[in-house]
Amino acid sequence: MTMPTGDWDSAYRQQEPAPWDIGRPQPPFVAVVEQGLLTGTILDAGCGTGENALLLATRGGRVTGVDLSETAISRARQNAADRGLAASFVVGDILTIPLPESGFDAVVDSGLFHVFSDEDRKRYVTVLAGALRRGGLCCLMCFSDRQPGDWGPRRVTRAELEEAFADGWALESLEPAVFDINPTFGMTTVQAWRAMIRRSP
Ligand code: SAH
């Protein structure tokens with residue numbers, strides 16, 4: 001999963017679905033949505049085929065999903081149409097695509113934060129701070145340093161998350177969680193973090 005930009009689209013064009021592309025929302029994310037914590041106008045950064053975005057749409061969220069991969073975005077649009085759900089899916093690089101200033105009440109990130117280099121991680125957090133309204137909530141899930149081995153994306157430590165969101169944010173919770181994945185090397189889950197981070201009012 002650690003890969004150059006152009007490889008993201010090909011990950012979606014393989015015969016086998018990508019490890020993360022499980023055809024349903026991630027369970028730790030479902031739990032947050034069921035608590036009613038993510039409402040209003042919502043950005044799904046790196047939305048993939050749209051499962052998390054479409055769950056939010058079923059709860060009345062006005063969701064915009066952004067992803068680099070054209071293939072992922074066309075599948076997300078098809079999934080929305082098949083389920084009769086309204087959501088907007090846009091092809092673009094989250095680091096450069098124009099986003100409305102303070103235009104979102106909430107942001108979700110399932111599996112994007114951990115793809116960035118140190119430098120792009122800083123840019124990414126700046127982008128999120130610009131797009132999220134003051135007091136808005138970000139729900140972020142990323143690979144954890146508790147995941148053994150070196151397969152997959154870079155591991156993220158608790159301290160790295162605390163540092164990335166140190167200025168202008170409040171880390172309201174940071175909990176061990178798991179990502180479900182399509183069976184890969186015999187694994188069906190990988191260790192993750194689920195963070196709830198509020199942009200300072
Ligand atoms: N959120 C989805 C996909 C996670 S995989 C899910 O939970 O299934 C990470 C996704 O981020 C991929 O779809 C990849 O195409 C996308 N991505 C990677 N870099 C990106 C960038 N700079 N801007 C937008 N999307 C990006």
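Taking our numbering, the leading residue of the sequence shown gets 1, the next gets one more, and so forth. Idealized CB from N, CA, C, for every residue including glycine.
Fewer than three beta-carbon pairs drawn from the stretch 9-19 and the stretch 79-89 are found closer than 8 Å, and the two stretches are therefore not classed as touching. Ranked by Cα distance from L37, the first of R154, G111, Y12 and R59 is R59.
Across the structure, L54 and G40 are spaced so that their CA atoms are roughly 14 Å apart. Sixteen is the threshold: since fewer than 16 other Cβ atoms of the shown chains lie within 10 Å of the Cβ of S173, the residue is exposed. Assigned with DSSP and collapsed to three states, E16 falls in coil, not helix or strand. For R59, no alpha helix (DSSP H) segment is defined, and its DSSP state is neither H nor E. Shown here for T184: same chain residues with a beta carbon closer than 7 Å to its own, the five before and five after excluded, namely P19 in chain order. The beta carbons of V66 and C47 sit closer together than 8 Å. S10 carries a helical assignment under DSSP once its states are collapsed to helix, strand and coil. Following the DSSP letters along the chain, one finds V90 inside the beta strand (DSSP E) bounded by residues S88 to V91. Counting C-beta atoms within 10 angstroms of its own C-beta, E51 has 16 or more neighbours from the protein chains shown and is therefore classed as buried. Classified as buried, L140 has 16 or more neighbouring CB atoms from the shown chains inside 10 Å of its CB.
Uninterrupted alpha helix (DSSP H) stretches at least 4 residues long and entirely within the stretch 132-188 occur at 158-164, given in chain order. The way I'd put it, the stretch 146-158 doesn't touch the stretch 122-133; fewer than three beta-carbon pairs between them come closer than 8 Å.
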